[in-house]
Ligand code: PRP
């Protein structure tokens with residue numbers, strides 16, 4: 003039995019579509035249910051940011067999650083496969099009228115990705131004040147809470163609509179299949195079998 007943690011929403015739906023394609027049967031959560039058992043698989047529906055946590059503690063053997071979330075969590079996990087979908091950037095945004103100057107004293111950064119932000123600024127030998135927010139980051143520079151934000155940019159529309167511009171890119175992200183280190187040893191053949199089936203789908207243009 004392999005337990006797989008999926009983030010609620012599009013990624014879970016696309017992952018289950020690939021399972022359907024591979025195993026030629028339906029994989030569908032019943033309304034509001036958070037666990038789906040089907041044959042040799044058990045799926046858990048969890049919050050996006052919690053996928054690495056479930057896999058790290060071996061509550062799930064495998065998980066599907068964006069590289070941005072993985073980097074921010076910084077947990078020791080096996081990155082099995084790039085599933086090529088969910089492309090986005092982790093970028094720095096500022097008001098259109100502001101200029102980027104990393105040498106400015108007392109920089110204030112608002113973000114939900116505090117670890118990625120800290121690492122990025124540390125690599126530039128800067129230690130800004132970092133304010134943790136849980137959403138609507140774009141508001142922070144507009145109302146003067148922060149000089150800049152570190153946030154996810156997909157289409158760029160949210161920043162644009164709020165009078166912000168991207169001034170730097172920290173990393174690019176796509177969805178990844180991850181594994182718990184112990185599970186990878188204990189259930190190696192099951193995991194590698196699933197891995198190669200997923201790899202075939204991705205190589206044929208499938209995306210999660
Ligand atoms: C993310 C991010 C931006 C938006 C960017 O938020 O925080 O607000 O998407 O997308 P865009 O470049 O296509 O406009 P999300 O919808 O994931 O919600 P959250 O802020 O609650 O995480």
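Numbering (our numbering), first residue to last: 3 to 210.
Every residue, glycine too, gets a C-beta built ideally from N, C-alpha and C.
{"Query": "Nearest-angstrom beta carbon gap, residue 94 and residue 170 [assumed within contact, 8 angstroms]", "Result": "4 angstroms"}
{"Query": "Cβ separation of residue 180 and residue 57, assumed to be a contact under 8 angstroms, to the nearest whole Å", "Result": "6 angstroms"}
{"Query": "Burial state of residue 115, where buried means 16 or more other Cβ atoms lie within 10 Å", "Result": "buried"}
{"Query": "Inter-residue spacing [alpha-carbon to alpha-carbon] between residue 134 and residue 111", "Result": "9 angstroms"}
{"Query": "Span separating the alpha-carbon of residue 7 from that of residue 13", "Result": "11 angstroms"}
{"Query": "Contact check, residue 85 vs residue 172, beta carbons under 8 angstroms", "Result": "no"}
{"Query": "Straight-line gap, residue 141 to residue 42 (C-alpha atoms, nearest Å)", "Result": "46 angstroms"}
{"Query": "Nearest-angstrom beta carbon gap, residue 72 and residue 79 [assumed within contact, 8 angstroms]", "Result": "7 angstroms"}
{"Query": "Residue 96 CB to nearest heavy atom of the ligand PRP below 7 angstroms", "Result": "no"}
{"Query": "With 16 other Cβ atoms within 10 Å as the buried cut-off, status of residue 59", "Result": "exposed"}
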